[in-house]
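In the numbering used here, the protein residues as written are 93 to 227.
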């Protein structure tokens, strides 16, 4: 591992360890989106093996993040919001399975859009919680 890669890995580890639970969820959304964008980039590869591996590996990584987000939901405390998020995560996982099997970028783009909306809303909620209410 290069010194730069080691430094980046150490930075990510410290950022994750010192983040609040809400910030960790935002990081998970960012990671899933990043992996799906890399999967979309795989469609540009000329070599079929590289193309398929890039698409597959990055979709699988994004799905692992979706599984983690789903596992962290507390449906009792979260009520209808948690149930709605669970449906989104399960649908996204299914859609990514289909996109991976068919090597179809449309499904990946759809999930990137959905996760981007969720991430942006989540970040806005965090921002509002950190900002004291105006008197």
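Positions of the beta carbon are idealized from the N, C-alpha and C atoms, including for glycine.
(1) Hey, residue 121 and residue 211: beta-carbon distance below 8 Å or not?
(2) Going by alpha carbons, who is nearest to residue 201 out of 182, 124, 95 and 216?
(3) Can you tell me whether residue 213 is buried or exposed, with buried defined as 16 or more other CB within 10 angstroms of its CB?
(4) Specify, as a first and last residue, the run of the alpha helix (DSSP H) that residue 163 falls within.
(5) With a 10 Å radius around its C-beta and 16 neighbouring C-beta atoms as the bar for buried, classify residue 182 as buried or exposed.
(6) In three-state DSSP terms, what is residue 196?
(7) Taking its Cβ as the centre, do 16 or more other Cβ atoms sit within 10 Å of residue 134, making it buried, or is it exposed?
(8) Find the nearest neighbour of residue 186 within the set 151, 170, 168 and 175, judged by alpha-carbon distance.
(9) Should residue 227 be labelled buried (16 or more other beta-carbon atoms within 10 Å of its own) or exposed?
(10) Applying the criterion that 16 or more other CB atoms from any shown protein chain within 10 Å of the CB defines a buried residue, is residue 117 buried or exposed?
Let me lay it out:
(1) yes
(2) 124
(3) exposed
(4) 140 to 163
(5) exposed
(6) coil
(7) buried
(8) 151
(9) Caution applies to residue 227, whose pLDDT of 48 falls short of 50 and renders its modelled position unreliable; the value that the coordinates give is listed next. Label assigned to residue 227: exposed.
(10) buried
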